[in-house]
Structures are given as C-alpha cells and as structure tokens.
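Asks: Chains as they are written, first to last, in the working numbering: chain F, 1 to 134; chain W, 1001 to 1130. In this text, a Cβ means the ideal position worked out from N, Cα and C, and glycines have one as well. I am attaching a structure below and will ask some questions about it afterwards.
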Amino acid sequence: MATKKFMYVNRRAPYGTIYAWEALEVVLIGAAFEQDVSMAFVDDGVFQLMKGQDTAGIDMKNFSPTYSALGDYEVTKIYVEKESLEERGLTLDDLQHLVWEDEDEDWAEKDSIRLVSRAELAEVFAGQDVMFNF
Amino acid sequence: MKLTVQVNEGPYQHQASDSAYHFTKAALEKGHEIFRVFFYHDGVNNGTRLTTPPQDDRNVVARWSELAEKNDLDLVICVAAAQRRGIVDEGEAERNGKDATNIAPGFRISGLGQLIEGGIQSDRLVVFGD
C-alpha cells in the first residue's frame, strides 16, 4: 500500500488538558508505520513548542523535551503558523530549536520548523491524506 | 467508502460520542464499511459497562455495544488512555493487578497502532471531538 500523508494538528496549550501529550503519543507510535508525517502547531498549540518550560509548580510531567526527539523519529516537517505566534506576542526565538539529521547529506543538521502563514498552512492541509486534530 | 471513526470525548459530558454513533449508524445504513471505531482521550469512557444513565435518557455505552453486535463493528479502546482512566478488561486486570474489570460488551483494548492502521487502511478518518 502506498505511503499516505499524515498531518497531526496541535491546537491546544501543553498543559491544562491532556490533548497535547496524548497527541504526541500518537505521533511517536505512528512513526513506526513509515508514513509521510507532518505536524502543525496553531492557535494555543504554539505554546507546546516554547523553550524553557518549567512545570514544577503544577506537579505535571514536563514533556517538552520529547519534541526535540521528533527528528530521530523521522518527523522532520513541523509547521508553525505565523499568525498564531504573532497573536500571542511570540517569535520563533521563543520556541525550541528543532532539528533533524539528513541521511542523504552526510547527516547534515537541518531545521524541522517551517514558519508558514495561515493561507500557506491551508494549502499544506489541503494536500494531506489523513488529518488528526488535537 | 471505507471509514475509520475516532471518538475523543467521553459520554454525556460531550456530544461527540452521540454524533459519532449517529454518523456510524447512518454510514452503515448507506452501505459504507466501518473499518474501526477508535476511542481516545476521554473517549475511552464510552467503553465502561458500569454507566447507569437515568431511564428516560439514552444509554450511550449500550448503544455502541448493540451497534457493534448487529454490524460486527470493531470498537477499540486505546490502552494507554484506558490505563490512565481506569477502563479495564481481563487482560489488563491481570497485567496490572486490578481487582475488577469494567469493559462493555463489543469493545476491546488495544494500542494506538490500531488508530494509525485505521488511517492507512481507510478512505477517510472521521474525528469526533472538540
């Protein structure tokens, strides 16, 4: 069976509800199925990628380091919506620097995050086969 | 068309399970194939036989069980989500040393790979939730 384009859309803040963490669990399990995987972070979902997260005060597991492992799971296309960042007073500098190593280019380190406009992201979505919403 | 349905919210608190049920039933009546119904997040709470809704209300859980029996549906509850929320079948009770089970007839507990497989094998993945 041909490879499908899987898109995982993350729309919610990392804590407060379990959606972000359980979404990440789906992505990590799904990586074993060797599909063409992308992730998108929109709305409060952009907060999931914030660097320097500290959950000590709320007695929750800080799962944000897991995002930096996505490259090892061959999840290399991570779309971040520009308008969502701007609406929250954030820039790319506020987010973790996520990278992956390109096997075809002598394991050169490449950026995983693609900053896209809302309109551009809509086009990316239109080209997907399977959409997961979290 | 071959469909996989994902239910992300629990019964009664949220209408997602009702909508998913009506959608699944209608799709079957129209002759579509339901490859699988996958329950995730609080959606796993749709699979406890211990729910006791008032008599004048719909029984969300029993309705799924009946639909599954009539149509040989594959109702799958995510194991990781189920463990957190206390949905237990005999295998899970044994593995985790629990003194009871509560899984409803027609449901089974399995891994997230079943959801991914649903996405791969089906023409559409239809998600119900917020």
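Touching or not, the stretch 1035-1052 of chain W and the stretch 1004-1022 of chain W, by the rule of three or more beta carbon pairs under 8 angstroms?
Replies: Output reads yes: the stretch 1004-1022 of chain W touches the stretch 1035-1052 of chain W.
Asks: Would you tell me roughly how many angstroms separate the C-alpha atoms of Tyr79 of chain F and Leu1050 of chain W, rounded to the nearest one?
Replies: Roughly 42 angstroms separates the two Cα atoms.
Asks: With 7 angstroms as the limit, tell me which residues of the stretch 36-56 of chain F have their beta carbon closer than that to any beta carbon of chain W; keep them in chain order.
Replies: Residues passing the 7 angstroms Cβ filter: none.
Asks: Quick check on Lys1070 of chain W: does DSSP put it in helix, strand or coil?
Replies: The answer is helix: DSSP assigns Lys1070 of chain W an H, G or I state.
Asks: Under the assumption that Val99 of chain F contacts Lys110 of chain F (Cβ atoms under 8 angstroms), give the Cβ distance between them as a whole number of angstroms.
Replies: 6 angstroms between Cβ atoms; contact.
Asks: Name the chain F residues that come within less than 7 angstroms of His1041 of chain W, Cβ to Cβ?
Replies: Correct list: Ile18, Tyr19, Glu22.
Asks: Beta carbons nearer than 9 angstroms to chain F: which residues of the stretch 1012-1028 of chain W have them?
Replies: Flagged: no residues at all.
Asks: If the cut-off is 8 angstroms on Cβ atoms, which residues from the stretch 1085-1099 of chain W count as contacting chain B, listed in chain order?
Replies: Note that chain B does not occur in the displayed structure, where the protein chains are F and W.
Asks: Please classify Ser1110 of chain W: does DSSP put it in a helix, a strand, or coil?
Replies: It is a strand residue.
Asks: Under a CB-based cut-off of 8 angstroms, is Ile29 of chain F close to chain W?
Replies: Yes, contact with chain W.
Asks: Can a CB atom of chain F be found closer than 8 angstroms to the CB of Val1060 of chain W?
Replies: So, not an interface residue.
Asks: Would Ala1081 of chain W pass as an interface residue toward chain F - the criterion being a Cβ-Cβ separation below 8 angstroms?
Replies: Taking Cβ atoms only, chain F reaches closer than 8 angstroms to Ala1081 of chain W, which makes this a yes.
Asks: To the nearest angstrom, how far is the alpha carbon of Gly1129 of chain W from that of Glu103 of chain F?
Replies: Gly1129 of chain W and Glu103 of chain F: Cα-Cα distance of roughly 38 angstroms.
Asks: How long is the line joining the alpha carbons of Lys51 of chain F and Ser1065 of chain W, rounded to whole angstroms?
Replies: Roughly 45 angstroms separates the two Cα atoms.
Asks: In the DSSP assignment, find the unbroken beta strand (DSSP E) run with Ile113 of chain F in it and report its ends.
Replies: Taken as a continuous stretch (DSSP letters only), the beta strand (DSSP E) holding Ile113 of chain F covers 113-116.
Asks: If you scan the stretch 81-110 of chain F from start to end, which runs of the alpha helix (DSSP H) of 4 or more residues do you find wholly inside it?
Replies: You should have 82-87.
Asks: Any contact of the stretch 33-49 of chain F with the stretch 1092-1112 of chain W, i.e. 3+ C-beta pairs under 8 angstroms?
Replies: With a cut-off of 8 angstroms, the stretch 1092-1112 of chain W and the stretch 33-49 of chain F do not count as touching, because too few Cβ pairs lie within range.
Asks: Quick check: what's the CA-CA separation for Glu101 of chain F versus Trp107 of chain F?
Replies: Computed Cα separation, rounded: 5 angstroms.
Asks: Quick check on the burial criterion: 16 or more other C-beta atoms within 10 angstroms. Buried or exposed for Gln1013 of chain W?
Replies: So Gln1013 of chain W counts as exposed.
Asks: Helix, strand or coil for Asn1045 of chain W, going by three-state DSSP, please let me know.
Replies: Here Asn1045 of chain W sits in helix by DSSP.
Asks: May I have a chain-ordered list of the beta strand (DSSP E) segments no shorter than 3 residues that lie completely inside the stretch 1001-1044 of chain W?
Replies: Counting whole runs of 3 or more residues, the stretch 1001-1044 of chain W contains the beta strand (DSSP E) stretches 1002-1007, 1033-1039.
Asks: Closer than 9 angstroms by beta-carbon distance: list the chain W residues that pair up with Phe132 of chain F, in chain order.
Replies: Under the 9 angstroms cutoff, chain W gives Gln1006, Leu1115, Gly1119, Leu1125, Val1127.
Asks: Quick check on Asp1099 of chain W: does DSSP put it in helix, strand or coil?
Replies: Coil, per DSSP.
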